[in-house]
Amino acid sequence: MANYQKLTPRSEDYSKWYNELVVKADLAEQSAVRGCMVIKPYGYAIWETIQAELDRRFKEKGVKNAYFPLLIPKSFLSREAEHVEGFAKECAVVTHHRLMNDPNGKGVVVDPEARLEEELIIRPTSETIIWSTYKNWISSYRDLPILCNQWCNVMRWEMRTRLFLRTAEFLWQEGHTAHATKEEAEDYARQMLDVYADFAENVMAIPVVKGVKSPNERFAGALNTYCIEAMMQDGKALQAGTSHFLGQNFAKSFDVQFLNKENKYEYVWATSWGVSTRLMGALIMTHSDDNGLVLPPHLAPIQVVIVPIYKKEDQLAELLAKLNPIADQLKALGVRVKVDTDDKYTPGYKFADYELKGVPVRLAMGGRDLENGTIEIARRDTQTKETVSLDGIVENVTSLLEEIQKNLLKKALDFRIANTREVNSYEEFKEEVKKGGFILAHWDGTAETEQRIKDETKATIRCIPLADLPGHKSEPGRCMVTGKPSAGRVVFALNY
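Numbering (the numbering used here), first residue to last: 61 to 556.
The following block contains the structure:
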């Protein structure tokens, strides 16, 4: 059972609230390794559901899972200059392959004779090792497309870490595809962006803005980076997923060519795309409240918990005779149900614990309910409860789960709409951005202006939207900073 001592209110200290919630809800904790986390069983159960839902969607797009090495020869990262520049400061480097006992008796030390001829990099991302492999797989147009994904861990040596949002080691999936034409590759990158957006909205109940990154924010080595951006309850933006059109950069770096239908050699076109355990942070910060987690039913490891309230063992048997068939019927419909008969904790403690852990629906039945043929049903999203008849309870619960799912998405979307504003002057922008939320403003398209805005306000261009946001129509205008022409408004925000 989790520690359900009261959380620091969000209004008092949002960062402290988040950190406490992650630990108290048994999602994760700091590890003995600097910057790395231990994902606890309940947190990992949510990640497993994320994996399963995404993996199914990937496979519907023809993707197959594979696995590539954790260690990457240093020389591989040198082959794509922009790529290595983007990750050079975040790399963890393996230099030796053996330990030895300290001659002075002070434990073990690195054996100086065991230095590697070439250092190995713990993968920060896998484009280089994968494209060195694809060279062996591709010779003809008949070998294309290749649609691979791997579920794995990566290491990026972050200085300031926060559980799930930014850790030195994190879990993710990275898809890497190879195509015969530019059009096919770019279309596939866009398709995967749509997969991410559909998953975020229909499974995580998180509304997202689909867009393309500015050159300054683009993935190192990509020609285009597409993204989904979400707004957290404190008004900050969180990048929830990215899909990159890599052009032929990596194919050229690793000399991956294919013989086309005209018997001519050309370089392969590429994409890569990924989401990580950062989604766990997005989930927490979009829906949760001062009482703990609020989980959308489609993601909750336990969708319905059933708590019998009894004083004597014989009464428990009577209650279970009513409750177990309800649980069985729900399970037969694919609902994830737990019947909690643990006698080590009081019902009140259990209620608080399941509230902290965000279980969407709680059913409770005591002696009086048994006599009256009723049951108490509580929903986590609105923290309301009512006593209802046992008749039709299964249909009641299944419809309630879908109602909660829709309500969470609507609530998050309403919040985003209420906190999305247009500004036209730079002075107005400087004031508005402090309030949080998405700021729609004109920008002249130059890296210099973008960097100036970031330096002076800490706000970044989250994306150039691919479609108008609700209530806003993007039209050409003038840059708020320089007055130069702007093709349309872009989304600025402070971000995680």
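C-beta: ideal position from N, C-alpha, C; glycine also.
Treat the numbers as computed from the prediction; the structure is a model and nothing was measured.
- In the three-state reduction of the DSSP assignment, residue 347 falls in the helix class.
- Every unbroken stretch of the beta strand (DSSP E) spanning 3 or more residues and falling wholly within the stretch 297 to 380 is given here in chain order: 297 to 307, 317 to 319, 325 to 327, 329 to 336, 364 to 368.
- In the DSSP assignment, residue 423 falls within the unbroken beta strand (DSSP E) covering 421 to 425.
- In this model, residue 239 and residue 300 are separated by some 25 Å (Cα to Cα).
- Under the 8 Å Cβ criterion, the stretch 263 to 273 does not count as touching the stretch 135 to 142, having fewer than three qualifying pairs.
- Less than 8 Å divides the Cβ of residue 235 from the Cβ of residue 208.
- As for any alpha helix (DSSP H) of minimum length 4 sitting wholly inside the stretch 99 to 153, the runs are 101 to 120, 134 to 137, 141 to 147, ordered along the chain.
- Rounded to the nearest angstrom, the gap between the Cα atoms of residue 199 and residue 317 is 7 Å.
- With contacts defined by Cβ atoms closer than 8 Å, residue 341 and residue 497 do not form a contacting pair.
- In the three-state scheme derived from DSSP, where H, G and I count as helix and E and B as strand, residue 196 is classed as helix.
- In this structure, DSSP gives residue 232 an extended state, which the three-state scheme calls strand.
- Each of 281, 290, 358, 273 was checked against the Cα of residue 521, and the nearest Cα belongs to 273.
- Three or more Cβ pairs closer than 8 Å define a contact, and the stretch 432 to 443 meets that threshold against the stretch 457 to 470.
- Contact between residue 458 and residue 448 is absent: CB atoms are separated by about 14 Å, not below the 8 Å threshold.
- Inside the stretch 217 to 292, DSSP marks whole beta strand (DSSP E) runs of 3 or more residues at positions 229 to 239, 269 to 272, 284 to 291, from first to last along the chain.
- The shortest CA-to-CA distance from residue 357 to any of 106, 203, 384 is the one to 106.
- Taking a contact as a CB-CB distance under 8 Å, the pair residue 417 and residue 353 counts as one, their CB atoms being some 6 Å apart.
- Look at residue 436 here: in three-state DSSP terms it is strand.
- Scanning 284, 215, 213, 217 for the CA closest to the CA of residue 243 turns up 284.
- In the three-state reduction of the DSSP assignment, residue 393 falls in the coil class.
- DSSP places residue 525 within a strand segment (E or B) once states are collapsed to three.
- Between the C-alpha atoms of residue 505 and residue 544 there is a straight-line separation of about 9 Å.
- Per the coordinates, the alpha-carbon of residue 401 lies some 7 Å from the alpha-carbon of residue 368.
- Around the beta carbon of residue 75, fewer than 16 other beta carbons sit within 10 angstroms, so the residue counts as exposed.
- Sequence-distant partners of residue 531 (beyond 5 residues in either direction) whose C-beta falls short of 7 Å from its own C-beta, in its chain, are 477.
- Using a 10 angstroms sphere on the CB of residue 92, the tally of other CB atoms stays under 16, which defines it as exposed.
- From the listed residues 309, 110, 415, 491, the smallest Cα separation to residue 444 is found for 415.
- Taking a contact as a CB-CB distance under 8 Å, the pair residue 382 and residue 450 counts as one, their CB atoms being some 7 Å apart.
- The stretch 224 to 234 makes no contact with the stretch 251 to 260; the number of CB pairs closer than 8 Å stays below 3.
- With distances taken between CA atoms, residue 483 lies nearest to 552 out of 420, 99, 514, 552.
- With distances taken between CA atoms, residue 201 lies nearest to 328 out of 479, 328, 555, 471.
- DSSP, read as helix, strand or coil, puts residue 384 in helix.
- Counting only the Cα atoms, residue 453 lies some 57 Å from residue 308.
- Excluding sequence positions up to five before and after residue 527, its CB lies within less than 8 Å of the CB of 270, all in the same chain and listed in chain order.
- Annotation: the stretch 458 to 509 contains the following complete segments of the beta strand (DSSP E) (minimum length 3 residues), in chain order: 480 to 482, 498 to 502.
- Within the model, the alpha-carbon separation for residue 485 versus residue 210 is close to 45 Å.
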